[in-house]
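One structure below.
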Amino acid sequence: MKNLIYFSIFCIFTFSACEESQSRGCTDPIAVNYKSWADINDGSCIYEAYIVFHMDYNAAAFLNDEPGVLSLEYVVDNIEVGKDVYDFFDVATNTTPYCHQVGFTTATIEWYNPNDIEISFEAIDNLGEIQWYGKAWLSPNECVDIPLEYESNLTKDEKDNK
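Residues 59 to 220 (my numbering) are what the sequence shown spells out, left to right.
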């Protein structure tokens, strides 16, 4: 009888050890939280991209000449993601900066499906005036530059009278 019990325990451990265990997690390698050991995608994948705001020298000159304008707040989909403070020439460039470059505002945008997404952005001065606005498409793991150019913040009437 004792041998039968030992044999039964041996069989249970032997056969249960042969079963494959399945792990849940993010199985998409382009997601920031990819789990290489996961067998089953549990829908937890997080995707991200970066955007970097920059202005040209004409835009910096325009803002520096605006009375009372001391800062520029960057908003993406109604969430503040960064701010530049006067002197705007410190953050002006006529070349495209790379994401996370010192001196430029870079924001990380996260979402939960592998598709490209469209974002809305605004650049609002400290007086509450929207100086720039627009939309941009993001793909996972990319860096997108948002150029703030002097011409792009003028109204149609202002451009016609220029």
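A virtual CB, placed ideally from N, CA and C, is assigned to each residue, including glycine. Quantities reported herein were computed from a predicted structural model and do not represent experimental measurements.
Separation of residue j from residue i, as counted between CA atoms
i, j, result
"K217", "F179", "Model confidence at K217 stands at a pLDDT of 45, short of 50, so the residue's coordinates are unreliable and nothing is read from them."
"I98", "T154", "40 Å"
"T166", "E106", "7 Å"
"D86", "E124", "48 Å"
"Q189", "Q80", "52 Å"
"E131", "V139", "8 Å"
For residue i: DSSP bridge partner residues
i, result
"G101", "The partner list for G101 (beta bridge, DSSP) is empty, contrary to what the question assumes."
"T166", "Y108"
"W190", "A181"
"P205", "H112"
CB contact flag (residue i, residue j, <8 Å)
i, j, result
"S129", "D183", "yes"
"A181", "A150", "no"
"I177", "V134", "yes"
"D142", "T164", "no"
"N152", "Y208", "no"
"Y156", "C84", "no"
8 Å contact criterion, which residue i and residue j should meet: CB distance rounded
i, j, result
"L206", "F111", "6 Å"
Chain C contact for residue i (CB, 8 Å cutoff)
i, result
"S81", "Absent here is chain C; the protein component of the structure consists of one chain."
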